[in-house]
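K.L.:
Handing you a structure now.
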Amino acid sequence: MKIEFLGGAQTVTGSMHHISYNGGSVLLDCGLFQGRRHEMYEKNQNFSFDPSTLDYLLLSHAHIDHSGNIPNLVKKGFRGKILATGPTVDLCRLLLKDSAFVQEMDVAWVNKIRAKSHQPPVHPIYTQADAEACMPFFHAVDYNQVVDLGHGVTATFRDAGHILGSAGILLEILEKGKKTRLGFTGDLGRYDQALTKDPDPLRDLDILITETTYGNRVHPAGHDPEEELAQIVNDTANAGGKLIIPAFAVGRTQQIVYHLHKLFDQDRIHDLPIYVDSPLAVKATEIFRKYPQYLDRATDRIFLKDHQDPFGFSRLTYIESVDESKALNNLLVPAIIISASGMAEGGRIMHHLKNNIENPKNTLLFVGFSAKDTLARKIMDGMPVVKIYGEEYQVRAKVKILEYFSAHGDRKNILDYVHYSNPNKLQQIFLVHGELEQSQSLVDAFRSKGFLNVTIPAPGDSFEN
Ligand SMILES: [Zn+2]
Ligand SMILES: [Zn+2]
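Every letter in the sequence shown is one number past the one before it in the working numbering, and letter 208, counting from 1, is 208.
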């Protein structure tokens, strides 16, 4: 068996690992590398293997850094099956088309500039038509269903507790009479998070490939994050300002809405209007409503058993049209605006930031992980002046960070993941999906638990068993 770490190695985007065995091969995730424009085109355009030789793509979850290069994989000749949970399939239909749309818009803008200097036009990595063309290759699997991949290999998806339908994947590979249990965490969720169930760890592993997004962080404990959220909402309302929350359209938005709904029902926040300004979030929320059985018991207890919609209440308005979105700029009363993208790298959140960042009455609240060099990270790091669409803005609004709402497990969760594996059996741990400093901080921690072979593969590295 051979593992090749093709993407999401020493970085958080572009998750992709190639596993070959007994004459067969699968890909774990097919994520889009995200970063600066020229790098993004360069790194995503071509694959270092022939996609037509793959038997399967096993997809951990729908986030673009895990699924975003699938249309290109199919365009380049993949004809196998894509296995993912039902919610992941539905979310991919939405997110891949959106990703194609964003690329088409971006390319149109770039080509306008290129035309002026008589340079030939560039093309998107894939189009909306490509995004549609890859959907027939998807096949939904249930959690815990053992799927025979042929060549003596089975795959089992277990709830990763990260976003709706997210999975850790167990491969059981029988080669020369020896069975190897290889586990891939995908993105590992956190315990006691709203909406998602707790992660269901893969046990008794021989090889583990784990994400390390928060490898050097322990989420603050011992306080009530809902109370903190309530405090931020009420302080902003008392100041007569607006609360602007950049949030991923899938997962984080629904979680924040859930908490606000609960706080509103319990009279713990002021009665101010709440807007979810993201057409993508509106459609994603429909998919959350379609799969109540994937949500956790607390959601069931608090909302579903009384036939309440966790994602809808009287003070909440979902906004799809551009005109309604623009009208929010003229709002004079305190309000909460939740909008995408979560890292503030595009989308409608940009005009809300532009309009609100210089007013000290307002609060900008960050609730998820933000990669290096993104606008969200710059504001979170306390930069006094930031550029938005080429213009400079003073950061005068209050800046708050509620890490609790991150959908990634922290250092402790990552280390606990091996709790059900024996150090004598688990021979190799590979740390991926993290910036180098986050991964490095885990190497010694794993070693002190008795797991001696801990590696941070670089992109292109391979391992043979
Ligand atoms: Zn994710
Ligand atoms: Zn990820």
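All residues carry an ideal CB built from backbone N, CA and C; glycine is no exception. Since this is a predicted model, take the numbers as computed values, not measurements.
1. Which value, in whole angstroms, describes the spacing of the CA atoms of residue 72 and residue 130?
2. Which residue wins for smallest C-alpha separation from residue 182, given the options 2, 63, 61?
3. Could you check whether residue 405 and residue 256 sit closer than 8 angstroms to each other, using their CB atoms as the reference points?
4. For a test of your reading of the model: does the CB of residue 187 fall under 7 angstroms from any non-hydrogen atom of ligand 1? Yes or no.
5. Beta strand (DSSP E) containing residue 16: first to last residue?
6. For the structure I just gave you, are there three or more beta carbon pairs, one from the segment 20 to 36 and one from the segment 327 to 341, closer than 8 angstroms?
7. For residue 482, which of 7, 42, 124 has the nearest alpha-carbon?
8. Following a CB-centred definition, is residue 468 positioned closer than 7 angstroms to any heavy atom of ligand 2?
9. Have a look at residue 387 and residue 393 and give me their C-alpha separation to the nearest angstrom.
10. For the putative contact between residue 74 and residue 155, defined by C-beta atoms under 8 angstroms, what is the C-beta separation to the nearest angstrom?
11. Considering only heavy atoms of ligand 2, does any lie closer than 7 angstroms to the CB of residue 433?
12. Beta-carbon separation of residue 180 and residue 432 under 8 angstroms?
13. Could you tell me whether the Cβ atoms of residue 55 and residue 31 are closer together than 8 angstroms?
14. Would you tell me roughly how many angstroms separate the C-alpha atoms of residue 201 and residue 184, rounded to the nearest one?
15. Give the straight-line distance between the Cα atoms of residue 231 and residue 92, rounded to the nearest whole angstrom.
16. Grouping DSSP H, G and I as helix and E and B as strand, with all else coil, what is residue 38?
17. Could you check the C-alpha separation between residue 349 and residue 341 for me, to the nearest Å?
18. Answer with buried or exposed for residue 356, where buried requires no fewer than 16 other C-beta atoms within 10 angstroms of its C-beta.
19. Determine the contact status of residue 441 and residue 215, defining contact as a CB-CB distance below 8 angstroms.
20. Helix, strand or coil, according to DSSP, for residue 33 in the structure here?
21. In whole angstroms, give me the CA-to-CA distance for residue 217 and residue 372.
22. Can you give the Cα-Cα distance for residue 439 and residue 9, rounded to whole angstroms?
23. Is residue 162 a contact residue of ligand 1, with contact defined as CB to any heavy atom under 7 angstroms?
24. Looking only at its chain, what residues have a beta carbon closer than 7 angstroms to the beta carbon of residue 434, apart from the 5 residues adjacent to it on each side?
25. Determine, using beta-carbon pairs with one atom in the segment 372 to 384 and one in the segment 405 to 420, whether at least three such pairs fall under 8 angstroms.
26. If you drop the 5 nearest sequence neighbours on each side, which residues of the same chain put their C-beta closer than 7 angstroms to that of residue 127?
27. What distance in whole Å lies between the Cβ atoms of residue 203 and residue 421, which are believed to be in contact at a cut-off of 8 angstroms?
28. Counting only the same chain and skipping the five closest in sequence on each side, list residues whose C-beta sits under 8 angstroms from that of residue 451.
29. Tell me the rounded alpha-carbon separation between residue 25 and residue 48.
30. Tell me the residue span of the alpha helix (DSSP H) that contains residue 163.
31. Taking all protein chains shown into account, decide if residue 196 is buried (16 or more other Cβ within 10 angstroms of its Cβ) or exposed.
32. Give a yes or no on whether the C-beta atoms belonging to residue 90 and residue 60 are separated by under 8 angstroms.
33. Between which two residues does the beta strand (DSSP E) harbouring residue 316 extend?
34. Measuring CB atoms only, is the segment 316 to 324 touching the segment 265 to 276, in the sense that at least three cross pairs come out at less than 8 angstroms?
35. What ranges does the beta strand (DSSP E) occupy inside the segment 108 to 154, keeping only unbroken runs of at least 3 residues that lie completely in it?
36. So within the segment 250 to 321, which uninterrupted beta strand (DSSP E) runs reach at least 3 residues, ignoring any that extend past its ends?
P.N.:
To lay it out plainly:
1. What you label residue 72 is simply residue 72 of the sequence shown in a count that begins at 1. What you label residue 130 is simply residue 130 of the sequence shown in a count that begins at 1. Taking the Cα positions, residue 72 is about 7 angstroms away from residue 130.
2. Here residue 182 refers to the residue found at position 182 of the sequence shown. Out of 2, 63, 61, 2 has the C-alpha closest to the C-alpha of residue 182.
3. For the purposes of this step, residue 256 is identified with residue 256 of the sequence shown, where counting begins at 1. For the purposes of this step, residue 405 is identified with residue 405 of the sequence shown, where counting begins at 1. Yes.
4. Numbered from its first residue, the sequence shown carries residue 187 at position 187. Taking non-hydrogen atoms of ligand 1 into account, the C-beta of residue 187 is found less than 7 angstroms away from one of them.
5. Residue 16 sits at position 16 when you count from the first residue of the sequence shown. Where residue 16 is concerned, the enclosing beta strand (DSSP E) stretches over 16 to 21.
6. As far as the Cβ criterion goes, the segment 20 to 36 does not touch the segment 327 to 341, which means the pair count is below three.
7. Residue coverage of the chain in this structure runs from 1 to 465, which leaves residue 482 outside it and unanswerable.
8. The question about residue 468 has no answer, for the chain in this structure spans 1 to 465.
9. One-based indexing of the sequence shown puts residue 387 at position 387. One-based indexing of the sequence shown puts residue 393 at position 393. Here the alpha carbons of residue 393 and residue 387 stand approximately 6 angstroms from one another.
10. Taking the first residue of the sequence shown as 1, we reach residue 74 at position 74. Taking the first residue of the sequence shown as 1, we reach residue 155 at position 155. Actually they are not in contact, since the Cβ atoms of residue 74 and residue 155 sit about 20 angstroms apart, beyond 8 angstroms.
11. Counted from its first residue, the sequence shown places residue 433 at position 433. Remark: the C-beta of residue 433 is in contact range of ligand 2, defined as less than 7 angstroms to any heavy atom.
12. Working through the sequence shown from its first residue, we reach residue 180 at position 180. Working through the sequence shown from its first residue, we reach residue 432 at position 432. No, they are not a contact pair.
13. Here the question's residue 55 lines up with position 55 in the sequence shown. Here the question's residue 31 lines up with position 31 in the sequence shown. Between residue 55 and residue 31, the C-beta spacing is not below 8 angstroms.
14. Numbered from its first residue, the sequence shown carries residue 201 at position 201. Numbered from its first residue, the sequence shown carries residue 184 at position 184. Those two C-alpha atoms are separated by around 10 angstroms.
15. Indexing the sequence shown from 1 puts residue 231 at position 231. Indexing the sequence shown from 1 puts residue 92 at position 92. When rounded, the distance between both Cα atoms is 35 angstroms.
16. For the purposes of this step, residue 38 is taken as residue 38 along the sequence shown, with counting starting at 1. Reduced to three states, the DSSP call for residue 38 is helix.
17. Within the sequence shown, the letter at position 349 stands for residue 349. Within the sequence shown, the letter at position 341 stands for residue 341. The straight-line gap from Cα to Cα measures roughly 6 angstroms.
18. Stepping through the sequence shown from its first residue, residue 356 is reached at position 356. Note on residue 356: 16 or more other CB atoms within 10 angstroms of its CB, so buried under the neighbour-count rule.
19. Translated into the one-based positions of the sequence shown, residue 441 becomes position 441. Translated into the one-based positions of the sequence shown, residue 215 becomes position 215. Residue 215 is positioned such that its CB atom lies closer than 8 angstroms to that of residue 441.
20. As a position in the sequence shown, residue 33 is number 33, starting the count at 1. Reduced to three states, the DSSP call for residue 33 is coil.
21. Within the sequence shown, numbered from 1, the residue matching residue 217 stands at position 217. Within the sequence shown, numbered from 1, the residue matching residue 372 stands at position 372. Whole-angstrom Cα-Cα distance: 16 angstroms.
22. Working through the sequence shown from its first residue, we reach residue 439 at position 439. Working through the sequence shown from its first residue, we reach residue 9 at position 9. Within the model, the alpha-carbon separation for residue 439 versus residue 9 is close to 10 angstroms.
23. Residue numbering aside, residue 162 sits at position 162 when the sequence shown is read from its first letter. Flag set: Cβ of residue 162 near ligand 1.
24. What you label residue 434 is simply residue 434 of the sequence shown in a count that begins at 1. Same-chain partners within the cutoff: 12, 211, 212, 213, 215.
25. Touching, no.
26. Locating residue 127 in the sequence shown gives position 127, where the first residue counts as 1. So the list reads 100, 104, once near-sequence residues are dropped.
27. For the purposes of this step, residue 421 is taken as residue 421 along the sequence shown, with counting starting at 1. For the purposes of this step, residue 203 is taken as residue 203 along the sequence shown, with counting starting at 1. That pair is a contact at about 6 angstroms.
28. For the purposes of this step, residue 451 is identified with residue 451 of the sequence shown, where counting begins at 1. Contacts found: 418, 423, 426, 429.
29. As a first step, residue 25 is located in the sequence shown; it is residue number 25 there, counting from the start. As a first step, residue 48 is located in the sequence shown; it is residue number 48 there, counting from the start. Rounded to whole angstroms, residue 25 and residue 48 show a C-alpha spacing of 14 angstroms.
30. Residue numbering aside, residue 163 sits at position 163 when the sequence shown is read from its first letter. Neither: residue 163 is in no alpha helix (DSSP H) and is coded neither H nor E.
31. Reading the sequence shown from its first residue, position 196 is the one you call residue 196. The residue is buried, with at least 16 neighbouring Cβ atoms inside 10 Å.
32. By one-based count along the sequence shown, residue 90 stands at place 90. By one-based count along the sequence shown, residue 60 stands at place 60. Not in contact: residue 90 and residue 60 (Cβ atoms no closer than 8 angstroms).
33. The residue given as residue 316 occupies position 316 in the sequence shown. Judged by DSSP secondary structure, residue 316 falls within the beta strand (DSSP E) whose first and last residues are 316 to 319.
34. Verdict: yes, contact present.
35. 138 to 141, 146 to 150, all fully within the segment 108 to 154.
36. Segments of the beta strand (DSSP E) lying fully in the segment 250 to 321: 274 to 277, 316 to 319.
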